[in-house]
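Single-structure report; data block below.
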Amino acid sequence: MATGYYDWLVKVIVLGDSGVGKTNILTQYCDQKFSQNYMATIGVDFKIKTITVEDKKIKLQIWDTAGQERFRNITQTYYKGAFGIIFVYSIVDRNSFNNVETWIKSITENTTDEVCSILVGNKMDSQDRRVQSSEGQALATKYKMPFIETSALENKNIQNIFDILGLNLKKRLENETLKPQATGESQQTQFKINQTPQPQPAPSSCNC
Numbered sequence: 001m002a003t004g005y006y007d008w009l010v011k012v013i014v015l016g017d018s019g020v021g022k023t024n025i026l027t028q029y030c031d032q033k034f035s036q037n038y039m040a041t042i043g044v045d046f047k048i049k050t051i052t053v054e055d056k057k058i059k060l061q062i063w064d065t066a067g068q069e070r071f072r073n074i075t076q077t078y079y080k081g082a083f084g085i086i087f088v089y090s091i092v093d094r095n096s097f098n099n100v101e102t103w104i105k106s107i108t109e110n111t112t113d114e115v116c117s118i119l120v121g122n123k124m125d126s127q128d129r130r131v132q133s134s135e136g137q138a139l140a141t142k143y144k145m146p147f148i149e150t151s152a153l154e155n156k157n158i159q160n161i162f163d164i165l166g167l168n169l170k171k172r173l174e175n176e177t178l179k180p181q182a183t184g185e186s187q188q189t190q191f192k193i194n195q196t197p198q199p200q201p202a203p204s205s206c207n208c
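For the sequence shown, the UniProt record's numbering assigns the number 1 to the initial residue and increments by one for each residue that follows.
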């Protein structure tokens with residue numbers, strides 16, 4: 001099999017309030033690193049990760065978005081073409097949980113109904129819990145998406161986020177009437193929502 005081969009290229013966006021741990025979830029997943037020094041994401045950043053789901057390879061283009069209100073208009077421009085959404089809140093921050101529905105609304109207004117979503121309650125390692133697991137599960141059930149609690153600090157359930165999302169992406173992609181289109185010598189394929197061309201940013205520094 002040719003190096004770099006994949007069956008689908010999928011755009012995934014990570015959304016949530018500032019400080020809930022979106023960036024640490026991604027760096028833990030891609031780089032097996034965690035930073036105690038908080039630095040807010042400015043605009044957007046992204047990483048690339050190719051995963052194997054059963055007999056298929058899915059290349060994930062994962063966009064880490066800024067959670068601050070002042071960047072909302074900027075980040076919404078990156079929603080177009082997204083097929084996977086990871087909504088993140090902190091279990092120690094009630095406001096971040098309450099704001100999840102605002103993030104969900106922003107997605108429904110800027111994407112199609114075909115996206116695969118998952119709700120993540122991060123910082124489960126903390127003893128200062130403000131949001132119960134049952135509340136997260138109820139919200140996820142309301143919007144018909146999977147739910148999981150994680151700790152980026154302790155690397156708990158981080159892999160599971162993408163295992164669950166990857167399986168759901170594969171099922172949805174295989175059921176789409178729009179079939180992946182072959183591109184390039186390695187027969188790589190890219191899935192496009194409504195045939196909208198995806199942006200092609202410079203390669204990430206992620207070595208995963």
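Ideal Cβ positions, reconstructed from N, Cα and C, are used throughout, including at glycine.
*Grab the span of the beta strand (DSSP E) containing D17 for me, first residue to last.*
Counting from one through the sequence shown, the residue named residue 17 turns up at place 17. No beta strand (DSSP E) holds D17; DSSP gives it neither H nor E.
*Which residue's Cα is closest to the Cα of M145: V88, Q132, T65?*
Residue numbering aside, residue 145 sits at position 145 when the sequence shown is read from its first letter. Among V88, Q132, T65, the Cα nearest to that of M145 is on V88.
*Per DSSP, N122 is paired with what?*
Against the sequence shown, residue 122 aligns to sequence position 122. In the DSSP output, where bridge partners are listed per residue, N122 has S90.
*In chain order, which continuous runs of the alpha helix (DSSP H) of length 4 or greater are located wholly inside the stretch 98–158?*
Listed in chain order, the complete alpha helix (DSSP H) runs (minimum 4 residues) inside the stretch 98–158 are 100–110, 133–142.
*Does the Cβ-Cβ distance between K170 and I13 come in under 8 Å?*
Sequence index remark: in the sequence shown, residue 170 carries index 170 (1-based). Sequence index remark: in the sequence shown, residue 13 carries index 13 (1-based). Note that the C-beta distance between K170 and I13 is not below 8 Å.
*Would you kindly work out how many angstroms separate the C-alpha atoms of G121 and E174, rounded to a whole number?*
Walking along the sequence shown from the start, residue 121 turns up at place 121. Walking along the sequence shown from the start, residue 174 turns up at place 174. Distance between the alpha carbons of G121 and E174: 29 Å.
*When you compare only the Cα positions, how much space is there between L60 and K49?*
What you label residue 60 is simply residue 60 of the sequence shown in a count that begins at 1. What you label residue 49 is simply residue 49 of the sequence shown in a count that begins at 1. Distance between the alpha carbons of L60 and K49: 5 Å.
*Between N24, G21, T52, Y79, which lies nearest to G4 when the distance is taken from Cα to Cα?*
Start at 1 with the first residue of the sequence shown, and residue 4 comes out as number 4. Comparing C-alpha distances from G4 to each of N24, G21, T52, Y79 shows the shortest one belongs to T52.
*Run the CB neighbour count on A140, radius 10 Å, all protein chains shown included, and call it buried at 16 or more, exposed below.*
Here residue 140 refers to the residue found at position 140 when the sequence shown is read from its first residue. With 16 or more Cβ atoms within 10 Å of its Cβ, A140 is classed as buried.
*Name the residue from Y79, A152, K156, A138 whose alpha carbon lies nearest to the alpha carbon of L26.*
For the purposes of this step, residue 26 is identified with residue 26 of the sequence shown, where counting begins at 1. Considering only alpha carbons, the answer is A152.
*Rounded separation between S134 and D163 - CA only*: For the purposes of this step, residue 134 is identified with residue 134 of the sequence shown, where counting begins at 1. For the purposes of this step, residue 163 is identified with residue 163 of the sequence shown, where counting begins at 1. About 22 Å.
*How big is the Cα-Cα spacing for N24 and E176?*
Along the sequence shown, read from residue 1 onward, the residue named residue 24 stands at position 24. Along the sequence shown, read from residue 1 onward, the residue named residue 176 stands at position 176. Spanning the alpha carbons of N24 and E176 requires a straight line of approximately 32 Å.
*Out of curiosity, what's the CA-to-CA distance linking Q159 and Q28?*
Your numbering for residue 159 matches position 159 in the sequence shown. Your numbering for residue 28 matches position 28 in the sequence shown. Their Cα atoms are separated by approximately 9 Å.
*Buried versus exposed, by CB contacts within 10 Å (16 or more), T108*: Within the sequence shown, the letter at position 108 stands for residue 108. Looking at its Cβ environment, which holds fewer than 16 other Cβ atoms inside 10 Å, T108 is exposed.
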